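So for the sequence shown, the working numbering puts the first residue at 100; every next one is plus one.
Virtual Cβ for every residue (Gly too), placed ideally from N, Cα, C.
These figures come from a predicted structure and were not determined experimentally.
Here the structure is laid out as structure tokens; the discussion comes afterwards.
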Amino acid sequence: MALVDLKLSLDDFLRLTPYDFHLLLDRHYEKLKEDAQIMRNVMFNAGQNLMRKRGSSEIPLFPDERKMTIEEKIEERKELFG
Numbered sequence: 100m101a102l103v104d105l106k107l108s109l110d111d112f113l114r115l116t117p118y119d120f121h122l123l124l125d126r127h128y129e130k131l132k133e134d135a136q137i138m139r140n141v142m143f144n145a146g147q148n149l150m151r152k153r154g155s156s157e158i159p160l161f162p163d164e165r166k167m168t169i170e171e172k173i174e175e176r177k178e179l180f181g
């Protein structure tokens with residue numbers, strides 16, 4: 100399983116020192132934790148948007164760093180989705 104999760108060939112895996120293997124596992128578990136946190140944030144944001152009062156604007160998942168007009172956003176989405 101470690102070969103698949105860490106994306107290593109058998110030769111690379113067998114050449115790992117215990118210290119290297121430990122470092123790879125630590126990074127792998129950090130990535131799993133980050134993925135779970137992102138999923139939690141997505142689900143929480145979706146729940147908040149479902150429960151918001153009628154007429155209020157949606158809470159964005161990520162802040163929009165670009166200042167775009169509504170027309171620019173519509174054009175961007177048309178280009179993206181056809």
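For residue i, three-class secondary structure by DSSP
{"i": "Glu164", "result": "coil"}
{"i": "Arg150", "result": "The sequence shown places Met at residue 150, not Arg. Coil at Met150, not helix or strand."}
{"i": "Met117", "result": "Per the sequence shown, the amino acid found at residue 117 is Pro instead of Met. Helix, per DSSP."}
{"i": "Lys130", "result": "helix"}
{"i": "Lys177", "result": "helix"}
{"i": "Leu105", "result": "coil"}
{"i": "Ile137", "result": "helix"}
{"i": "Glu170", "result": "helix"}
Whole-Å CB distance - residue i paired with residue j, under 8 Å assumed
{"i": "Leu109", "j": "Leu102", "result": "6 Å"}
{"i": "Leu105", "j": "His121", "result": "At roughly 12 Å, the Cβ-Cβ gap does not stay under 8 Å, so Leu105 and His121 are not in contact."}
Residue i at chain C interface by Cβ criterion, 8 Å
{"i": "Phe143", "result": "Any reference to chain C falls outside this structure, which holds one protein chain only."}
Inter-residue Cα distance where the pair is residue i and residue j
{"i": "Asn140", "j": "Asp134", "result": "10 Å"}
{"i": "Glu171", "j": "Lys177", "result": "10 Å"}
{"i": "Ile137", "j": "Leu123", "result": "21 Å"}
Hey, is the region 130-150 in contact with the region 158-178, meaning 3+ C-beta pairs nearer than 8 Å?
yes
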